[in-house]
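Okay, so the sequence shown: first residue is 437 according to our numbering, each after it adds one.
By construction, the Cβ of each residue, glycine as well, lies at the ideal position given by its N, Cα and C atoms.
Everything numeric in this text was worked out from a predicted model, so none of it was measured.
Data block below; observations after.
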Amino acid sequence: LVSGGGMVLDRYDKTHLVPFGEYVPLKPILFFLNKLVVGIGDFVPGSGPRVMSGPGGTLGVVICFEVIFPDLVRQFVDQGADYMVTITNDAWFGRTSAPYQHFAMVVFRAVENRVPFARAANTGISGFIDAEGHILRTTEIFVEGALSGEVRTGGPRTIYTAYGDLFTYGCAILTLFVAVRTWRQGAFRGDDARGPESPPGEPQYPF
């Protein structure tokens, strides 16, 4: 976070690095892949999400593809972020559908936590999204431009912000329980359907 006078007021270090782009996962085992990141660098992730005091309230920052992680954004909002800012380099994608898909993920993060977003992308799409997921203003891809706007803060706290993926885990456990119970009931019914076996030596008829 830099002031209008050029002073560094605060900083956030990227937490979720891009595998094989910014670091090599399982480096002791995949040491032969080190050359893949030589030109970019082998970065160390930051210590975790932390909010900053910015203009108009408390803000959280997610960098590039970090915005695809729902729980990371949730942690910022849970720490008190009134609004979120995301910066990204989408030049790699060129004129494909990827920049639009990447931008769409920001809409989901806004709705999940009822938090507004300001997004700056070097080649677009930059824009503002309100806490209900409405896209307020945008730029086109590969078109020079600048945006200014206002976002409304102070939305209600969502169930997802408060409890995270607890509901998802509960659904997974319930699904597993139902699947196991159904399988066991089917196995028991299969045993009963076969009926008693004929004694040895007696002829067996198909019906």
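Distance from I523 to A546 at the Cβ level is roughly 16 Å; contact not present, criterion being Cβ atoms closer than 8 Å.
Only residues of its own chain outside the window of five on either side were considered, and among them R531, P535, T559, G560, I561 have a CB closer than 7 Å to the CB of I577, listed in chain order. In the structure shown, F505 adopts coil according to DSSP, grouped into three states. L495 is classed as buried because its beta carbon has at least 16 other beta carbons within 10 Å across all chains shown.
In the three-state DSSP reduction, A556 falls in the strand class (E or B).
Inside the stretch 475-555, DSSP marks whole beta strand (DSSP E) runs of 3 or more residues at positions 488-490, 493-499, 519-524, from first to last along the chain. DSSP places T575 outside any alpha helix (DSSP H), giving it a letter other than H or E. The residues L437, M488, in chain order, have a CB closer than 6 Å to that of D446 in the same chain once the five nearest residues on each side in sequence are set aside.
Rounded to whole angstroms, the Cβ separation of T589 and G493 is 5 Å, and the two are in contact under 8 Å. With a beta-carbon spacing of about 4 Å, F564 and G585 fall inside the 8 Å limit used to define contacts.
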